[in-house]
Amino acid sequence: MTMKNRDDHAAEAAGGDPIKTTINRNKVIVKTSLTGIAVNVLLAAFKAGAGLVSHSIAMVLDAVNNLSDALSSVITIIGTRLAGKRPDKKHPLGHGRIEYLTALLVAAIVLYAGITSLVESIKKIITPETPDYTNVALVIIAVAVVAKILLGRFVKRQGEKVNSSALVASGADATFDAILSASVLVCALIFIFFKISLEAYVGVIISLFIIRAGFEMMRDTLSDILGRRADPEVSKEIKSIIKEEPEVMGAYDLILNNYGPDRNYGSVHMELRDTMTVDELDRLTRRVEEAVYRKTGVILTGIGVYAYNTGNDEAAHIRNDVQRMVMTHDWALQIHGFYVDTEAKKMRMDVVFSFEADVKESLEHLYEEIQTAYPDYNISITPDVDVSD
């Protein structure tokens, strides 16, 4: 079965069309981003004009922040369009990861804006200018606070609706911008009533917050590109779905690969009784694939199997004994895929090691310990990585 056939097969099981779903998602992202661009450009223009007239560095920097938000939305739209391209021969799993690259570019822009703002604020501390606020400037700032709060709620809600981390982040950023604009308003009121100018110092604070936001965006995006650990809730749900099948003794080695938002592929091992036929196994794996996709949206591209000893009391005794030996060690997180052939005197198993363990040394210790207890057996231990909960 090819990857395309798996996608179609799973989509039919879920009663949906993945292409239509992607198109609708992209439309929501583009429309929401266009709304953000319009609001940010208007706010930036009014704030910049009022800031220049009032000689307010804090207001000008707030305008720059709005302008960088607008530019970020433009890049988000471009990234969404490119990421929505259909899979092709060179990229059979689609172009979804382009969204992560555009997010990285947005983070770089935010960082640049923050660093530039910091430099300008420090210059104003060294050579200060006395601000001259007008009523119009104060009204603009107040309107900006309200507009950013409403925009933040709208964008975040739309992002959660279509599972767009970029929109959710933009919504949170807009809400944070409202706080920054409010600080500029407070700064202006302090100057009007107490004649104390905090302009440049507030500008430094705003700049530092912008720089911090840029670093956090870059860190999160790099994690997506490198590959994050599977969401514990998702991995537990998938294993729970698999274990609902009465034939399945256990689900292990779940690996999830992300190829863009809502584009997740996975592989897993199921532990099954050693008397199952290939026909029974085929029907079981198809049911599992359909159920997992329908309930989680994850496409299982590969399902491996571990044989489970049945009808052999000696094998069950050996399993329990070996499991006890392995799990006495802190660095051994799990043992699975255990199978013993009491006639051929062969024993095999997988052991999940913690990331802190010295795998080579730990393996040697396990071999020695189990071989001492069962000297007549040929023992095979496969080290596993703790990739999912």
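So the number in our numbering is just where the residue sits in the sequence shown, counting from 1, plus 25.
All C-beta atoms, glycine included, are put in the ideal place defined by N, C-alpha and C.
Quick caveat: nothing in here was measured; it's all calculated off a predicted structure.
The residue from V55, D307, N289, Y137 with its alpha-carbon nearest to that of R319 is N289. At the C-beta level, T321 and V259 come within 8 Å of one another. Taking all protein chains in view, the Cβ of A172 is crowded by 16 or more other Cβ atoms within 10 Å, so the residue is classified as buried. Rounded to the nearest angstrom, the gap between the Cα atoms of E270 and I263 is 12 Å. When the Cα atoms are used, V323 and N282 turn out to be separated by approximately 9 Å.
Under the criterion of beta carbons closer than 8 Å, L68 and N49 do not qualify as touching, at roughly 29 Å.
One alpha carbon belongs to S232, the other to V85, and they sit about 12 Å apart. Uninterrupted alpha helix (DSSP H) stretches at least 4 residues long and entirely within the segment 79 to 124 occur at 82 to 108, given in chain order.
Distance between Q183 and S97, taken at the CA atoms: about 17 Å. In this chain, the beta strand (DSSP E) harbouring H294 covers 289 to 298. Only residues of its own chain outside the window of five on either side were considered, and among them Y125 have a CB closer than 6 Å to the CB of D249, listed in chain order. Shown here, P257 sits in a helix according to DSSP, grouped into three states. Every alpha helix (DSSP H) of 4 residues or more that sits fully in the segment 330 to 399 is shown, in chain order, as 338 to 352, 384 to 398.
A residue is called buried once 16 or more other Cβ atoms fall within 10 Å of its Cβ, and S195 is buried on that count. Annotation for S206: D87, I166, A169, V170, K173 place their beta carbon closer than 7 Å to its own, counting only its chain and skipping 5 residues before and after.
DSSP places S405 inside the beta strand (DSSP E), whose first and last residues are 403 to 410.
By the criterion of a C-beta distance shorter than 8 Å, S405 is surrounded in its chain by K371, M372, R373, M374, once the five residues flanking it on both sides are discounted. In the three-state DSSP reduction, I150 falls in the helix class (H, G or I).
Boundaries of the beta strand (DSSP E) harbouring I280: 273 to 283, taken from the DSSP string. Nearest neighbour of T335 by Cα position, chosen from K110, L118, L210, T300, turns out to be T300.
When only Cα atoms are considered, L118 and T105 end up about 16 Å apart. A residue is called buried when at least 16 other Cβ atoms come within 10 angstroms of its Cβ; N65 meets this threshold and is buried. Note on geometry: alpha-carbon atoms of T353 and E368 lie some 28 Å from one another. Spanning the alpha carbons of I221 and T155 requires a straight line of approximately 10 Å. According to DSSP, G61 shares a beta bridge with no other residue. In the assembly as shown, L247 is an exposed residue. Its beta-carbon has fewer than 16 other beta-carbons within 10 Å.
Annotated as distal: L163 and A199, with beta-carbon spacing of 8 Å or more. Under the 10 Å beta carbon count, I147 is surrounded by fewer than 16 other beta carbons and is classified as exposed. In this structure, Y158 places its C-beta atom within 8 Å of the C-beta atom of I217.
CA-CA distance, A255 to G74, rounds to 47 Å. Here the alpha carbons of E314 and I62 stand approximately 41 Å from one another. Contact annotation: A132 and M242 have beta-carbon atoms nearer than 8 Å. Rounded to whole angstroms, the gap between the alpha carbons of D411 and H361 is 13 Å.
Cβ neighbours of A316 within its own chain (closer than 6 Å, five residues either side excluded): I266. With fewer than 16 other CB atoms across the displayed protein chains lying within 10 angstroms of its CB, A398 is exposed. Between S93 and I134 a beta carbon distance of about 6 Å is seen, short of the 8 Å cut, so the two are scored as contacting.
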